[in-house]
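**Q** Quick one: the structure is below, and I'll ask about it shortly.
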Amino acid sequence: MLDSPTVVLSLSINTFRELVRDRMLYAFVVFAVLVTALGILLGSLSAGQTMRTLSDIGLAGTALIGGIVAVFSGANLVYKELEKKTVYIIFSKPVTGWQFILGKYLGTSLCLALVVFAMGAFLAGALALFNATVLTERAAGFLWLISRSILLVYLELLFVTAMATFFSTFTTPVMSVLFTSSLWLIGHFGQSLRDIGRLSENPAVTQFFNMLYWMLPDLASLTRFRGDLLHGQELNMQLIWYLLCYVVAYIVLLLTVAAIITENREFQ
Amino acid sequence: MSAAVIQVEGLTKEVVSSFRRKRVRILDQFSLTVNAGETFGLLGLNGAGKTTAVKLMIGLSRPTSGSVTVLGRPAGDRQSLARIGFLPENPYFYSHLTAYEFLDFVGSLFGIKHSERTKRVNELLNLLSLAEAAKKPMRSFSKGMLQRIGIAQSLINDPEILFWDEPMSGLDPIGRSDVRRILQELKKAGKTIFFNSHLMPDVNELCDRIGIVHRGRLLVDDTIIKISKNGNYRDLEDFFLAHVTDAENLSKTAS
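Protein chains in written order, with the numbering used here: chain A, 16 to 283; chain B, 990 to 1244.
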């Protein structure tokens, strides 16, 4: 029988090559320009303020630019193969729906890792450059904090990519972008949704917002944690583990449904 | 008598048209059998149902009713897909890859080991006169070159059965002659070949048996020898046109 890991790996490498050769890495250049400009603008502030503002905005920029890359590349993931009819080549070979989805997802995630970690490294470099004490006094500790924060950003983007991949199996890229961006945004306002629901006197409305709150991962907590992490605050590790498991389970669920849809799909 | 490797029974395929949401029958009670080592040519006008028939045999599409078995397994079964090669009509490939990378990628989908893949890819690039273009991205390829790379990818796993949809499409006379030569070599090697074509001289030269499909129905399923012995027709083209015209007149009378 065929070697499944080899098939998945080949599909991943092909997707990674496609994204890199489609100049997806230009997103990093946008980020680099943004952070450098911000660093120069903040040059007039005191060292502590510069570092905090630059790190906060830099991290948010990493999440935003990485998110845009995840949404757009994920939304096109399956649709592009259908539109260009390259699926005829793939599914006339002994490839299953789940191998295809997993391969495409891993390839996109790999490319995203490259973009996100390059942005993280640039941010660390920019912070060091604009505040030389970072390098001399607590360089190792600071790099560790940045790395952990960037890992949390990457975790969130893995979820966004899985959502976009899921939608791309049954709808157009425009709709995928719309659905994924909306859910991504809602995920950041989870607690607020619950509060809105509580304000209503209609129990159905309250229940609807409650359901929405429970249906989506609490991305706002991930954002809060990565900020806390960067500023060296104590973290609730139990909650972090819970969020991590929740997001990973969510990704597995989305990819499983995407694989089932692909497996049962007809290619006209 | 060789064993049947492709068996199609009562195949019907209906689709819902995007215009008026009407059900359209593309294939209608289509049945045929292809034996091991045979070269079968399916002829038909544009929109007759040739490509749909091939897609159903590969498992890319599912029948509304009827059945297809390839190498004794249902169409689309992974074990039988590992033993077949498919060239789609107007093949589309990954334009970001070079010819070498693409063939290597396709080989890996069959689980072929790296060293074996390298050998096979180089052999096929030479066979299809693509060795010089091996490192060029496929976005720079002409239609004929894409057709040849399509043929190469369908041979990467040394398949037992080949499904080629319009293999001569887009090829210049030299390219066509190359493909004819390859088909003859494959035939000699005992491969089963099923192909769709409009080009009567090629079909006449290469096929053991032909089928004519018109408006989704199989009108004729006969050997080239029998057809050529039939004195009522000048050549295969005359035979084809006579059957299609008769069927068309019959359907006009009926309606």
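All residues carry an ideal CB built from backbone N, CA and C; glycine is no exception.
State the Cα-Cα distance for the pair residue 16 of chain A and residue 115 of chain A, rounded to the nearest angstrom.
**A** Confidence at residue 16 of chain A is low in this model, with a pLDDT of 44, below 50, so the placement of that residue should be treated as unreliable; the coordinate-derived value is given next. Their Cα atoms are separated by approximately 17 angstroms.
**Q** Residue 190 of chain A to residue 223 of chain A, Cα distance in whole Å?
**A** Approximately 23 angstroms between the Cα atoms of the pair.
**Q** Taking a cut of 9 angstroms between CB atoms, which residues from the region 1046-1058 of chain B lie near chain A?
**A** Correct list: 1047, 1048, 1049, 1050, 1051.
**Q** Using CA coordinates, which residue listed in B:1037, B:1098, B:1119, B:1053 is at the minimum distance from residue 25 of chain A?
**A** Nearest of B:1037, B:1098, B:1119, B:1053 to residue 25 of chain A, Cα basis: B:1098.
**Q** Within 9 angstroms (strictly less), CB to CB, does residue 1083 of chain B reach chain A?
**A** Yes, residue 1083 of chain B counts as interfacial toward chain A.
**Q** Given a cut-off of 9 angstroms, decide if residue 1042 of chain B and residue 1202 of chain B are closer than it, judged by their beta-carbon atoms.
**A** Yes, the Cβ-Cβ distance between residue 1202 of chain B and residue 1042 of chain B is below 9 angstroms.
**Q** According to DSSP, which residues form a beta bridge with residue 1198 of chain B?
**A** B:1029, B:1212, per the DSSP bridge assignment.
**Q** Find the residues of chain B that neighbour residue 217 of chain A, judging by a C-beta separation of less than 9 angstroms, and give them in chain order.
**A** Per Cβ cutoff of 9 angstroms: no residues; residue 217 of chain A is ~38 angstroms from chain B at best.
**Q** Could you give the DSSP three-state label for residue 1245 of chain B: helix, strand or coil?
**A** Only positions 990 to 1244 of chain B appear in the structure, and residue 1245 of chain B is not among them; the question remains open.
**Q** Express the C-alpha separation of residue 82 of chain A and residue 75 of chain A in angstroms, rounding to a whole number.
**A** Computed Cα separation, rounded: 10 angstroms.
**Q** Use the C-beta contact count for residue 214 of chain A: other C-beta atoms within 10 angstroms, 16 or more gives buried, fewer gives exposed.
**A** So residue 214 of chain A ends up on the exposed side.
**Q** Any contact between the region 1126-1133 of chain B and the region 1070-1089 of chain B? By contact I mean 3 or more CB pairs, one from each, below 8 angstroms.
**A** Judged by Cβ distances under 8 angstroms, the region 1126-1133 of chain B makes contact with the region 1070-1089 of chain B, as three or more pairs qualify.
**Q** Helix, strand or coil: how does DSSP classify residue 1253 of chain B here?
**A** With chain B represented from 990 up to 1244, any question about residue 1253 of chain B goes unanswered, as that position is not in the structure.
**Q** Please list the partners that residue 232 of chain A has in chain B, where partner means a Cβ-to-Cβ separation under 7 angstroms.
**A** None at all; the shortest Cβ gap to chain B is about 33 angstroms.
**Q** Taking the C-alpha atoms as reference points, what is the distance between residue 141 of chain A and residue 77 of chain A?
**A** Looking at the two C-alpha atoms, the distance is approximately 13 angstroms.
**Q** In chain B, which residues lie less than 7 angstroms from residue 21 of chain A when you measure between Cβ atoms?
**A** Within 7 angstroms Cβ-Cβ: 1097, 1100.
**Q** Which same chain residues, not among the five before or five after residue 1075 of chain B, have their C-beta less than 7 angstroms away from its C-beta?
**A** Excluding residues within five positions, the ones whose Cβ falls inside 7 angstroms are 1047, 1143, 1152.
**Q** So, with DSSP's three-state summary, where would you put residue 31 of chain A?
**A** If DSSP states are grouped into helix, strand and coil, residue 31 of chain A belongs with the helices.
**Q** Can you give me the start and stop residues for the alpha helix (DSSP H) that residue 118 of chain A sits inside?
**A** Element bounds for residue 118 of chain A: 112-145.
**Q** By Cβ distance below 8 angstroms, which residues in the same chain neighbour residue 1236 of chain B in space, the five residues on each side in sequence not counted?
**A** Same-chain partners within the cutoff: 1203, 1204, 1206, 1208.
**Q** Nearest to residue 1186 of chain B by alpha carbon, out of B:1004, B:1023, B:1035, B:1213?
**A** Of the candidates B:1004, B:1023, B:1035, B:1213, the one whose C-alpha sits nearest the C-alpha of residue 1186 of chain B is B:1035.
**Q** Can you check DSSP and say which residues form a bridge with residue 1186 of chain B?
**A** Partner(s): B:1032.
**Q** In whole angstroms, give me the CA-to-CA distance for residue 1122 of chain B and residue 1133 of chain B.
**A** For residue 1122 of chain B and residue 1133 of chain B, the distance between alpha carbons rounds to 13 angstroms.
**Q** Could you list the residues in the region 1059-1072 of chain B with a C-beta less than 7 angstroms from some C-beta on chain A, going in chain order?
**A** Hits within the stretch, in order: 1067, 1070, 1071.
**Q** Can you pull the DSSP bridge partners for residue 998 of chain B?
**A** Paired residues: B:1056.
**Q** Indicate whether at least one CB of chain A lies closer than 9 angstroms to the CB of residue 1173 of chain B.
**A** So, not an interface residue.
**Q** With H, G and I counted as helix, E and B as strand and the rest as coil, what does DSSP make of residue 1146 of chain B?
**A** Correct three-state label for residue 1146 of chain B: coil.
**Q** Check each residue of the region 63-95 of chain A: if its Cβ is closer than 9 angstroms to any Cβ of chain B, include it; give the result in chain order.
**A** From the region 63-95 of chain A, no residue has a Cβ closer than 9 angstroms to chain B.
**Q** In whole angstroms, what separates the C-alpha of residue 1150 of chain B from that of residue 281 of chain A?
**A** Distance between the alpha carbons of residue 1150 of chain B and residue 281 of chain A: 22 angstroms.
**Q** Taking its Cβ as the centre, do 16 or more other Cβ atoms sit within 10 Å of residue 1106 of chain B, making it buried, or is it exposed?
**A** Residue 1106 of chain B comes out buried.
**Q** Could you check whether the Cβ of residue 1151 of chain B sits closer than 9 angstroms to any Cβ belonging to chain A?
**A** Closer than 9 angstroms: no.
**Q** Only counting the same chain, and skipping five residues up and downstream in sequence, which positions put a Cβ closer than 6 angstroms to that of residue 1189 of chain B?
**A** Around residue 1189 of chain B: 1225, 1226.
**Q** Pull the bridge partners of residue 1062 of chain B from the DSSP assignment, please.
**A** Answer by DSSP bridge pairing, in chain order: B:1059.
**Q** Counting beta carbon pairs with one atom in the region 1009-1023 of chain B and one in the region 992-999 of chain B, are three or more of them shorter than 8 angstroms?
**A** Segments in contact, yes.
**Q** Report the three-state DSSP secondary structure of residue 1050 of chain B (helix, strand or coil).
**A** Of the three classes helix, strand and coil, the one that applies to residue 1050 of chain B here is coil, per DSSP.
**Q** Output yes if chain B places a C-beta closer than 9 angstroms to the C-beta of residue 222 of chain A; else output no.
**A** Residue 222 of chain A does not count as touching chain B.
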